[in-house]
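Colleague: Take this structure, written in structure tokens, and hold onto it; I'll ask about it next.
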Amino acid sequence: MADTSINIRRIIVYGIVWVVAAAWLFPLVVVILNSLRTAEEIAQTSMIGWPRVWAWGNYTQAWDTYCIAQTCSGIRPYMLNSALVTIPATLISTLLGAVAGYAVSLWRFRGDSWIYGIVTIGIFLPQQMRLLPWTLVLRDLGLTNTLAGLVMIHTIQGMSFTTLFCRNYYVSIPADLMKAAKIDGAGFFRIFWRIVLPLSPPILIVTVIWQFTHIWNEFLYGVTFTTGTQQPVTAALIALATSVADVPQHGIQSAAVVVAALPTLLVYLFGGRYFVRGLTAGAVK
Amino acid sequence: MSALVIRDLHKRFGTTEVLKGINLDIDSGDFTVLVGPSGCGKSTLLNIIAGLETASSGDIEIGGRLVNAIPPKDRDIAMVFQTYALYPSMTVRQNITFGMECRNVPKAAQNQAVERVAKLLQIEPLLARKPAQLSGGQRQRVAMGRALVRDPKLFLFDEPLSNLDAKLRVEMRMEIKQLHARIGTSIVYVTHDQIEAMTMATRIAVMHQGEVQQFADPDTVYNRPANLFVARFMGAPPMNTVMARIDAGAVVVGDIRLPAPEAAAAWQGREVVLGIRPECIAEPTRLFGDGSAPIVITAPVEMTEPTGAETIVVMRLGGEKVLGRVAPDTRLANGATARFAVDTRKLCLFDPQTERLIA
Amino acid sequence: MSPAAPAAARPPFASLKRLPEFLVIWVPLLISAGHVVTFALWTTWMSFTPSTLVPADGFVGLRNYNAVLATRNWKIAFDNLLLFGSGFVVLSLSAGLILAILLDQRIRGENVLRSIFLYPLAVSFVVTGTVWSWLLNPGIGIQKLVNDLGWTSFRFDWLIDRDMAIWTIVITAVWQSCGFAMALFLAGLRSVDGDLVKAAQIDGTGPVRIYRRVILPTLWPITITVAVIQLQFAITTFDLVRALTGGGPGIATQLPALVVYDFMFQRGNLGRGAAAAVLMLLVLLAVLLPHWTWRAIQNRRAARG
Numbered sequence: 001m002a003d004t005s006i007n008i009r010r011i012i013v014y015g016i017v018w019v020v021a022a023a024w025l026f027p028l029v030v031v032i033l034n035s036l037r038t039a040e041e042i043a044q045t046s047m048i049g050w051p052r053v054w055a056w057g058n059y060t061q062a063w064d065t066y067c068i069a070q071t072c073s074g075i076r077p078y079m080l081n082s083a084l085v086t087i088p089a090t091l092i093s094t095l096l097g098a099v100a101g102y103a104v105s106l107w108r109f110r111g112d113s114w115i116y117g118i119v120t121i122g123i124f125l126p127q128q129m130r131l132l133p134w135t136l137v138l139r140d141l142g143l144t145n146t147l148a149g150l151v152m153i154h155t156i157q158g159m160s161f162t163t164l165f166c167r168n169y170y171v172s173i174p175a176d177l178m179k180a181a182k183i184d185g186a187g188f189f190r191i192f193w194r195i196v197l198p199l200s201p202p203i204l205i206v207t208v209i210w211q212f213t214h215i216w217n218e219f220l221y222g223v224t225f226t227t228g229t230q231q232p233v234t235a236a237l238i239a240l241a242t243s244v245a246d247v248p249q250h251g252i253q254s255a256a257v258v259v260a261a262l263p264t265l266l267v268y269l270f271g272g273r274y275f276v277r278g279l280t281a282g283a284v285k
Numbered sequence: 286m287s288a289l290v291i292r293d294l295h296k297r298f299g300t301t302e303v304l305k306g307i308n309l310d311i312d313s314g315d316f317t318v319l320v321g322p323s324g325c326g327k328s329t330l331l332n333i334i335a336g337l338e339t340a341s342s343g344d345i346e347i348g349g350r351l352v353n354a355i356p357p358k359d360r361d362i363a364m365v366f367q368t369y370a371l372y373p374s375m376t377v378r379q380n381i382t383f384g385m386e387c388r389n390v391p392k393a394a395q396n397q398a399v400e401r402v403a404k405l406l407q408i409e410p411l412l413a414r415k416p417a418q419l420s421g422g423q424r425q426r427v428a429m430g431r432a433l434v435r436d437p438k439l440f441l442f443d444e445p446l447s448n449l450d451a452k453l454r455v456e457m458r459m460e461i462k463q464l465h466a467r468i469g470t471s472i473v474y475v476t477h478d479q480i481e482a483m484t485m486a487t488r489i490a491v492m493h494q495g496e497v498q499q500f501a502d503p504d505t506v507y508n509r510p511a512n513l514f515v516a517r518f519m520g521a522p523p524m525n526t527v528m529a530r531i532d533a534g535a536v537v538v539g540d541i542r543l544p545a546p547e548a549a550a551a552w553q554g555r556e557v558v559l560g561i562r563p564e565c566i567a568e569p570t571r572l573f574g575d576g577s578a579p580i581v582i583t584a585p586v587e588m589t590e591p592t593g594a595e596t597i598v599v600m601r602l603g604g605e606k607v608l609g610r611v612a613p614d615t616r617l618a619n620g621a622t623a624r625f626a627v628d629t630r631k632l633c634l635f636d637p638q639t640e641r642l643i644a
Numbered sequence: 645m646s647p648a649a650p651a652a653a654r655p656p657f658a659s660l661k662r663l664p665e666f667l668v669i670w671v672p673l674l675i676s677a678g679h680v681v682t683f684a685l686w687t688t689w690m691s692f693t694p695s696t697l698v699p700a701d702g703f704v705g706l707r708n709y710n711a712v713l714a715t716r717n718w719k720i721a722f723d724n725l726l727l728f729g730s731g732f733v734v735l736s737l738s739a740g741l742i743l744a745i746l747l748d749q750r751i752r753g754e755n756v757l758r759s760i761f762l763y764p765l766a767v768s769f770v771v772t773g774t775v776w777s778w779l780l781n782p783g784i785g786i787q788k789l790v791n792d793l794g795w796t797s798f799r800f801d802w803l804i805d806r807d808m809a810i811w812t813i814v815i816t817a818v819w820q821s822c823g824f825a826m827a828l829f830l831a832g833l834r835s836v837d838g839d840l841v842k843a844a845q846i847d848g849t850g851p852v853r854i855y856r857r858v859i860l861p862t863l864w865p866i867t868i869t870v871a872v873i874q875l876q877f878a879i880t881t882f883d884l885v886r887a888l889t890g891g892g893p894g895i896a897t898q899l900p901a902l903v904v905y906d907f908m909f910q911r912g913n914l915g916r917g918a919a920a921a922v923l924m925l926l927v928l929l930a931v932l933l934p935h936w937t938w939r940a941i942q943n944r945r946a947a948r949g
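Written out as structure tokens, the structure is:
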């Protein structure tokens, strides 16, 4: 009697979670299937359906030849732009954040908590408050409509997160370790290089994944500060989804969406544990 | 020559003063233990000696050289930490050579030094391991190896044994003492454990509330504590302290009269605090020191605590609770009045106002 | 080193030899902190100037604010924000809590399920918005599918319905980020002191009651933290709306972030754009400041107790 009620309860629990999980996977499955269906097929039925013929050509078109806002080179150049912005900005902001977090947490100096406080307030300052100033800074530096400009913006803004992550990790390094190193005669850089950095892989992975995901997925700056073929892929996707062709090309558009989402999805797939740790670390600020 | 001189050292954090004018002169070759309850400032003092913190005022000399403005690495010191502070990403060998690497010591000399220290501490088989692969005792040894390899003027130990289990702590205690005897370098050793202080030190500095209460050899600190704090801090169980009165050459506690030391004459008729070590109250058949018959008193027994080697007796003396140590085969009934022998040669008297030792 | 540890008094950059570390420490920190302060101040200042296409000097008081507040655009955006913010936070918190409780029942495949609920967070809002705009499009999405399957009277056209369109944004946002709430709740459920549960069991408390009376009350701090983070997201939402509805139909799904963008870059009125941005910031502060105060009080209490 008790057993059956427990069993029924467990069946209900499993039922609910898997139904919800199916709903969560639904959009992903739909867009992947669509990316392999022809435009005619989608037009005849709906966005939701099993491919009758596997239209692998959607991907080559989306990648290479599909027209986005008068430029017919697919999303390839935009993917390249995103990569050229995301990779350097991720690496530089992580490195700077690691050094800054190290300095703030392990080397007490005058004003350290003040400057750290202001840097982390940057996490909360909405992008809208920075749009105009960045416009002027980019103009004055001659970086308007360049990838270098986006790299600079994401590096400086990203430091708020990377410094916070690294600082919170480094404060748990025992004070005795720092004392021992100072007595051994190691200075700022040697301690960082030989002692702190070898302890850092967990937090650096979290930080890199966080930064990569955020910068790759960023849209507002991309669409504001770049135009045409300088835009990152998120901005190009909007242009693509709203571009009105004679016949709606949902198959090709789906393929483009899948490709654009792929880098961060892969990072999530292989670094999920660290991704979640970044989410929760960001929450406990 | 002095290995370490501390002159009128003050340390303030904001408005709180954690060190209130420390003066210490430590002879070369001494094993000095800074002992005190947590928060007494002993660790801060050690950090200041090491140069890891700066004093608010005062001077520090190491080996006759003023080091106030000299960074830790140039003070010719080595330090062993409570948490060992081994670099987790380096092997034992690298841990030991890291300091030499920072000072650009040639590789050959580094290797030589490692061999010497590893042999001394018997850690040769561990050299290739990482700290995470070592037991607590092994880490402790490596931490000492890292300090020893510097061959400094002064060793600083910051509660190095408090993370070890009780048995290992006793072993390491002896080992450090032997090591000191062998190498002869001056040591300043911080601990909150008064037994460590007693067993290892050649000189003890008892600290409390940012001040050195007493700086003397272990025997003096134990038998002639400079004040009530030291009397109550050193020894386990600590010295009994009861209110007493001086009357015609006797210390009177309740209805018990004990012969007073000569210096007590000036306190005739006044109140004093009598300090008496538990081991000075024993079973009535005990003969102390010179073999003369001891004074025997009677007191009501409240409770007994057999430890095996001896039995601690809780009794009432002049209305106050007092501990004695009797032979384990002594039969005592709770609540009954029993007779005890008192060793009157080691009585201490304290001024109840200043809490200082009178006699 | 505890944050309360007092700073060493020795100046850290005493000699020229330490110039490199001085530069490495201060230059990035100063740029990062400097941009936060100057940008915030500059935009605030802009909001009091008569700037239109280019920044201009002068002081016009609250004129820009009054102008922004008077526009239908802002009014709709603000109403939408209230609706979207509360709907999104309530739904995503409750969905996240329910999922976390279900996942906490020691079920098989927990890791896979958790990954499924969390993956949308790894994807750009542009992607999410685009895909959901297709699914919710009555002509090609779910409605079409159901119609084709034979239920021809089925209607699911919120995306093009002025009154309901804002809810499509709620649905999508909940789908995208309730996994975040779930992850934090689950971590909270798992961090409940085992001894507490044991003590309750020994007292003869049943599992459901243990859950209600012992475990769930410990989740309050997490709930508030998650709510604040999600509100912060709601207030600054931009990408999702751009991709999903573009603010439409008409301006039915405007949100403050879109109004800011509209003023700044489409109507070329920097002063009003800045004023709208500052208004956004004020809404954000109305959420963050009480939260920070509450946290500070909690921390002080924890430090004292």
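Residue numbers (the numbering used here), protein chains in the order written: chain S, 1 to 285; chain V, 286 to 644; chain P, 645 to 949.
For every residue, glycine included, the Cβ atom is placed at its ideal position computed from N, Cα and C.
Have a look at the DSSP bridge pairing and note the partners of residue 585 of chain V.
Modeller: Against the second sequence, residue 585 of chain V aligns to sequence position 300. In DSSP, residue 585 of chain V forms a bridge with V:622.
Colleague: Which residues does DSSP list as the beta-bridge partners of residue 567 of chain V?
Modeller: Locating residue 567 of chain V in the second sequence gives position 282, counting from the first residue. Residue 567 of chain V pairs with V:626.
Colleague: Using a Cβ distance threshold of 8 angstroms, determine whether the segment 85–95 of chain S contacts the segment 155–175 of chain S, with at least three qualifying pairs required.
Modeller: yes
Colleague: So, helix, strand or coil for residue 768 of chain P, using DSSP?
Modeller: In the third sequence, residue 768 of chain P corresponds to position 124, counting from 1. Here residue 768 of chain P sits in coil by DSSP.
Colleague: Anything in the segment 185–199 of chain S with a Cβ closer than 9 angstroms to a Cβ of chain V? List those residues in chain order, please.
Modeller: 185, 186, 187, 190, 194, 195, 197, 198, 199
Colleague: Quick one, which residues of the segment 386–417 of chain V are near chain S if we go by CB-CB under 7 angstroms, in chain order?
Modeller: 387, 388
Colleague: Three or more C-beta pairs closer than 8 angstroms, one from the segment 628–640 of chain V and one from the segment 556–575 of chain V: is that the case here?
Modeller: yes
Colleague: Go ahead and pull the three-state DSSP assignment for residue 372 of chain V.
Modeller: Here residue 372 of chain V is taken as the residue at index 87 of the second sequence, counted from 1. Residue state, collapsed to three classes: coil.
Colleague: Are the Cβ atoms of residue 687 of chain V and residue 589 of chain V separated by less than 8 angstroms?
Modeller: Within the shown structure, residues of chain V are numbered from 286 to 644, placing residue 687 of chain V beyond reach of any answer.
Colleague: Looking only at its chain, what residues have a beta carbon closer than 7 angstroms to the beta carbon of residue 818 of chain P, apart from the 5 residues adjacent to it on each side?
Modeller: Position 174 of the third sequence, counted from the start, is the residue given in the question as residue 818 of chain P. 732, 735, 736, 739, listed in sequence order.
Colleague: Do residue 838 of chain P and the ligand MG come close, with the Cβ less than 7 angstroms from some heavy atom?
Modeller: This structure lacks the ligand MG; in fact it carries no ligand of any kind.
Colleague: Is the number of C-beta pairs between the segment 561–581 of chain V and the segment 616–633 of chain V that are closer than 8 angstroms three or more?
Modeller: Touching, yes, given that three or more Cβ pairs across the two stretches are closer than 8 angstroms.
Colleague: Using only CA atoms, which one of P:728, P:700, P:671, P:746 lies nearest to residue 15 of chain S?
Modeller: Looking up residue 15 of chain S in the first sequence gives position 15. Comparing Cα positions, the closest option is P:746.
Colleague: Run down chain P in chain order and give the residues with a C-beta less than 7 angstroms from the C-beta of residue 27 of chain S.
Modeller: Taking the first sequence and counting its residues from 1, the one referred to as residue 27 of chain S is at position 27. Correct list: 775, 776, 779.
Colleague: Counting Cβ pairs, one atom from each stretch, are 3 or more of them under 8 angstroms apart for the segment 390–406 of chain V and the segment 349–356 of chain V?
Modeller: Output reads no: the segment 349–356 of chain V does not touch the segment 390–406 of chain V.
Colleague: For residue 177 of chain S, return the contacting residues in chain V, with the cut-off set at a CB-CB distance below 9 angstroms.
Modeller: Locating residue 177 of chain S in the first sequence gives position 177, counting from the first residue. Within chain V, the residues near residue 177 of chain S are 366, 368, 370, 371, 372, 373.
Colleague: What's the gap between the Cα of residue 878 of chain P and the Cα of residue 182 of chain S?
Modeller: To locate residue 878 of chain P, count along the third sequence from 1; it is residue 234. To locate residue 182 of chain S, count along the first sequence from 1; it is residue 182. Their Cα atoms are separated by approximately 47 angstroms.
Colleague: When you compare only the Cα positions, how much space is there between residue 719 of chain P and residue 704 of chain P?
Modeller: As a first step, residue 719 of chain P must be located in the third sequence, where it is residue number 75. As a first step, residue 704 of chain P must be located in the third sequence, where it is residue number 60. Distance between the alpha carbons of residue 719 of chain P and residue 704 of chain P: 22 angstroms.
Colleague: For a quick check, are the C-beta atoms of residue 226 of chain S and residue 235 of chain S less than 8 angstroms apart?
Modeller: Here the question's residue 226 of chain S lines up with position 226 in the first sequence. Here the question's residue 235 of chain S lines up with position 235 in the first sequence. In this structure, residue 235 of chain S lies closer than 8 angstroms to residue 226 of chain S by Cβ.
Colleague: I want to verify the contact list: residues of chain S whose CB lies under 8 angstroms from the CB of residue 743 of chain P, in sequence order.
Modeller: Within the third sequence, the letter at position 99 stands for residue 743 of chain P. Chain S residues near residue 743 of chain P: 17, 20.
Colleague: Using CA atoms only, rank isn't needed, just tell me which of V:484, V:501, V:367 is closest to residue 491 of chain V.
Modeller: Counted from its first residue, the second sequence places residue 491 of chain V at position 206. Selected option, being the one with the closest Cα: V:501.
Colleague: Interface residues of chain S around residue 686 of chain P at Cβ under 7 angstroms?
Modeller: In the third sequence, residue 686 of chain P corresponds to position 42, counting from 1. Neighbours of residue 686 of chain P on chain S, chain order: 133.
Colleague: Say whether chain P places a C-beta atom closer than 8 angstroms to the C-beta of residue 213 of chain S.
Modeller: In the first sequence, counting from the first residue as 1, residue 213 of chain S sits at position 213. Interface residue, yes.
Colleague: Check distances from the C-beta atoms of the segment 318–336 of chain V to those of chain S and list, in chain order, the residues that come in under 7 angstroms.
Modeller: Answer set for the segment 318–336 of chain V: 335.
Colleague: Tell me, which residues are paired with residue 591 of chain V by DSSP?
Modeller: Counted from its first residue, the second sequence places residue 591 of chain V at position 306. Paired residues: V:596.
Colleague: If I'm right that residue 176 of chain S touches residue 384 of chain V with Cβ under 8 angstroms, what's the distance once you round it to whole angstroms?
Modeller: Along the first sequence, read from residue 1 onward, the residue named residue 176 of chain S stands at position 176. Along the second sequence, read from residue 1 onward, the residue named residue 384 of chain V stands at position 99. 15 angstroms between Cβ atoms; not a contact.
Colleague: Would you list the residues sitting across from residue 560 of chain V in a DSSP beta bridge?
Modeller: Translated into the one-based positions of the second sequence, residue 560 of chain V becomes position 275. DSSP lists V:526, V:633 as partners of residue 560 of chain V.
Colleague: Just confirm the distance between the C-beta atoms of residue 430 of chain V and residue 402 of chain V, as a whole number of angstroms; I'd bet it's less than 8 angstroms.
Modeller: Residue numbering aside, residue 430 of chain V sits at position 145 when the second sequence is read from its first letter. Residue numbering aside, residue 402 of chain V sits at position 117 when the second sequence is read from its first letter. Right, their Cβ atoms sit about 5 angstroms apart.
Colleague: If you check the beta carbons only, do residue 794 of chain P and residue 888 of chain P fall under 8 angstroms apart?
Modeller: Against the third sequence, residue 794 of chain P aligns to sequence position 150. Against the third sequence, residue 888 of chain P aligns to sequence position 244. For residue 794 of chain P and residue 888 of chain P, no; Cβs fall outside 8 angstroms.
Colleague: In its own chain, which residues sit with a C-beta less than 8 angstroms from the C-beta of residue 301 of chain V, not counting the 5 before and 5 after it?
Modeller: To locate residue 301 of chain V, count along the second sequence from 1; it is residue 16. Within the same chain, residue 301 of chain V has no close Cβ partners at all.
Colleague: Under a Cβ-count criterion, where at least 16 other Cβ atoms within 10 Å of its own Cβ denotes burial, should residue 807 of chain P be classed as buried or exposed?
Modeller: Working through the third sequence from its first residue, we reach residue 807 of chain P at position 163. Exposed: under 16 other Cβ atoms inside 10 Å.
Colleague: Are the C-beta of residue 675 of chain P and some C-beta of chain S separated by less than 8 angstroms?
Modeller: Taking the first residue of the third sequence as 1, we reach residue 675 of chain P at position 31. Taking Cβ atoms only, chain S reaches closer than 8 angstroms to residue 675 of chain P, which makes this a yes.
Colleague: With 16 as the cutoff for other CB atoms within 10 Å, does residue 600 of chain V come out buried or exposed?
Modeller: Counted from its first residue, the second sequence places residue 600 of chain V at position 315. Answer is buried; the Cβ neighbour count reaches 16.
Colleague: Is it right to say residue 608 of chain V is buried, meaning 16 or more other beta carbons lie within 10 angstroms of its own, or is it exposed?
Modeller: Numbered from 1 along the second sequence, position 323 holds the residue referred to as residue 608 of chain V. Classification of residue 608 of chain V: buried, given that the 10 Å Cβ count is 16 or more.
Colleague: Give the range of the alpha helix (DSSP H) segment to which residue 88 of chain S is assigned.
Modeller: In the first sequence, the residue the question calls residue 88 of chain S occupies position 88. Its alpha helix (DSSP H) spans residues 76–106.
Colleague: Anything in chain S within Cβ reach of residue 728 of chain P, meaning under 9 angstroms, just list it in chain order.
Modeller: One-based indexing of the third sequence puts residue 728 of chain P at position 84. Those within 9 angstroms of residue 728 of chain P in chain S number zero; the least Cβ separation is about 16 angstroms.
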